Ligand code: SF4
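Structure, rendered in structure tokens:
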């Protein structure tokens with residue numbers, strides 16, 4: 337029997353407390369869903385201490401940077417965990433590539449969204465169907481679009497409501513980096529090369545000082561879409577997040 341707790345009360349908990357609460361109350365129906373950027377690695381490190389059996393899920397679009405795959409393996413070794421990889425549906429992927437090409441995302445926003453749907457959004461929906469608590473590394477200062485992100489909120493995914501937790505939502509980049517240094521947390525080598533947001537090869541690129549953290553996503557659209565949200569669809573869930 338899960339003790340009822342309000343979103344407001346969850347929002348007052350510290351990151352470690354939230355991770356422990358998720359495991360203690362929901363067990364295998366809770367998971368960290370991460371693309372192995374810094375916040376995901378921080379949460380895995382915390383969970384190793386307070387909830388070592390908490391599931392870790394990643395969406396492998398099959399177009400990630402080699403450095404990201406290396407990091408995944410390093411994290412598995414370091415923490416003795418098995419990361420659950422959700423990949424695109426083979427039939428959908430094959431049909432997309434055959435009909436529109438491997439690099440369809442250059443052809444316009446619609447095709448980029450189609451690619452993200454097949455490679456990221458659908459596998460994410462499949463992954464989220466296995467959880468009631470979805471733990472993400474979103475932070476408010478990652479982009480203007482994410483400023484309103486809450487630490488705890490209900491999100492509707494595929495017609496089902498899941499609890500979406502963002503334990504580090506109010507952390508600054510300095511806090512994240514400070515935690516990683518203090519705890520020797522593995523990090524993606526691409527950060528040293530100017531990346532501030534890391535997704536697929538080609539679609540994520542380094543950023544310049546002062547640019548929005550997600551400005552390196554889909555650079556070729558920048559001139560066309562001045563108010564682009566730089567989101568792929570995963571966090572556009574109608575939950576107010
Ligand atoms: Fe496709 Fe690029 Fe989206 Fe990755 S980020 S799923 S390659 S459009």
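Residue numbers (the numbering used here): 337 to 577.
C-beta atoms are modelled at their ideal positions from N, C-alpha and C, and glycine is treated no differently.
Owing to the predicted nature of the structure, the values given are computational and were not obtained by experimental measurement.
- [ ] Name the residue from 431, 472, 462 whose alpha carbon lies nearest to the alpha carbon of residue 450.
- [x] Residue mapping note: residue 450 aligns to position 114 of the chain shown, counting from 1. When only C-alpha atoms are compared, the closest one is 431.
Task: Where the beta strand (DSSP E) containing residue 391 begins and where it ends - done: By 1-based counting over the chain shown, the position of residue 391 is 55. Residues 391-395.
Open item on the list: Quick test of the definition: if touching needs 3 or more C-beta pairs under 8 Å, does the stretch 440-448 touch the stretch 413-430?
Closed with: No, they do not touch.
Task: Nearest neighbour of residue 494, chosen from 462, 486, 469 [CA to CA] - done: Position 158 of the chain shown holds residue 494. Comparing Cα positions, the closest option is 462.
- [ ] Determine which residues share a DSSP beta bridge with residue 540 and list them.
- [x] Your numbering for residue 540 matches position 204 in the chain shown. According to DSSP, which records beta bridges pairwise, residue 540 is partnered with 553.
TODO: Have a look at residue 402 and residue 359 and give me their C-alpha separation to the nearest angstrom.
DONE: The residue you call residue 402 lines up with position 66 of the chain shown. The residue you call residue 359 lines up with position 23 of the chain shown. Distance between the alpha carbons of residue 402 and residue 359 is about 31 Å.
Open item on the list: Is residue 442 a contact residue of ligand 1, with contact defined as CB to any heavy atom under 6 Å?
Closed with: Indexing the chain shown from 1 puts residue 442 at position 106. Because no heavy atom of ligand 1 lies under 6 Å away, the Cβ of residue 442 does not count as near it: no.
Open item on the list: So residue 475 and residue 504 are supposed to be a Cβ contact under 8 Å. How far apart are they, rounded?
Closed with: As a first step, residue 475 is located in the chain shown; it is residue number 139 there, counting from the start. As a first step, residue 504 is located in the chain shown; it is residue number 168 there, counting from the start. Contact flag correct, Cβ pair sits at about 6 Å.
Task: Opening and closing residue of the alpha helix (DSSP H) in which residue 446 lies - done: Against the chain shown, residue 446 aligns to sequence position 110. Residue 446 -> alpha helix (DSSP H) spans 445-452.
Task: residue 502 CB to nearest heavy atom of ligand 2 below 6 Å - done: This structure simply doesn't include ligand 2; it includes ligand 1 instead.
TODO: Give the straight-line distance between the Cα atoms of residue 511 and residue 477, rounded to the nearest whole angstrom.
DONE: Here residue 511 refers to the residue found at position 175 when the chain shown is read from its first residue. Here residue 477 refers to the residue found at position 141 when the chain shown is read from its first residue. In a straight line, the C-alpha of residue 511 is about 12 Å away from that of residue 477.
TODO: Note the first and the last residue of the continuous beta strand (DSSP E) segment covering residue 501.
DONE: For the purposes of this step, residue 501 is taken as the residue at position 165 of the chain shown. Its beta strand (DSSP E) spans residues 496-501.
Task: Inter-residue spacing [alpha-carbon to alpha-carbon] between residue 429 and residue 454 - done: On the chain shown, residue 429 is found 93 positions in, with the first residue counted as 1. On the chain shown, residue 454 is found 118 positions in, with the first residue counted as 1. Between residue 429 and residue 454, the C-alpha separation is close to 6 Å.
- [ ] Return yes when the Cβ of residue 521 is within less than 7 Å of the Cβ of residue 377, no when it is not.
- [x] Looking up residue 377 in the chain shown gives position 41. Looking up residue 521 in the chain shown gives position 185. A contact, by the Cβ cut-off of 7 Å.
Task: Cα-Cα separation, residue 354 to residue 436 - done: The count along the chain shown starts at 1 and reaches residue 354 at position 18. The count along the chain shown starts at 1 and reaches residue 436 at position 100. When rounded, the distance between both Cα atoms is 43 Å.
TODO: Indicate whether the contact test is met: 3 or more Cβ pairs, each with one atom in the stretch 361-373 and one in the stretch 343-352, closer than 8 Å.
DONE: no
Open item on the list: Between residue 397 and ligand 1, is there a pair consisting of the residue's CB and a ligand heavy atom that are separated by less than 6 Å?
Closed with: One-based indexing of the chain shown puts residue 397 at position 61. Checking the Cβ of residue 397 against ligand 1 gives yes.
Task: Secondary structure of residue 493, DSSP reduced to three states - done: One-based indexing of the chain shown puts residue 493 at position 157. In the structure shown, residue 493 sits in a strand (DSSP, three-state: E or B).
Task: Residues near residue 563 by beta carbon distance below 6 Å, same chain, minus five either side - done: If you number the chain shown from 1, residue 563 lands on position 227. Per-residue confidence for residue 563 stands at a pLDDT of 46, beneath the threshold of 50, marking its modelled position as unreliable; no derived number is given.
Task: Helix, strand or coil at residue 432 [DSSP, three-state] - done: The residue given as residue 432 occupies position 96 in the chain shown. Of the three classes helix, strand and coil, the one that applies to residue 432 here is helix, per DSSP.
TODO: Let me know if residue 394 comes out buried or exposed under the rule of 16 or more other beta-carbons within 10 Å of its beta-carbon.
DONE: Here residue 394 corresponds to residue number 58 of the chain shown, with the count starting at 1. Per the 10 Å Cβ criterion, buried.
Open item on the list: Using the Cβ count rule (16 or more neighbours within 10 Å means buried), how would you classify residue 413?
Closed with: For the purposes of this step, residue 413 is identified with residue 77 of the chain shown, where counting begins at 1. By the 10 Å Cβ count, residue 413 comes out exposed.
TODO: Give the DSSP bridge partners of residue 420, in chain order.
DONE: Taking the first residue of the chain shown as 1, we reach residue 420 at position 84. The partner list for residue 420 (beta bridge, DSSP) reads 393.
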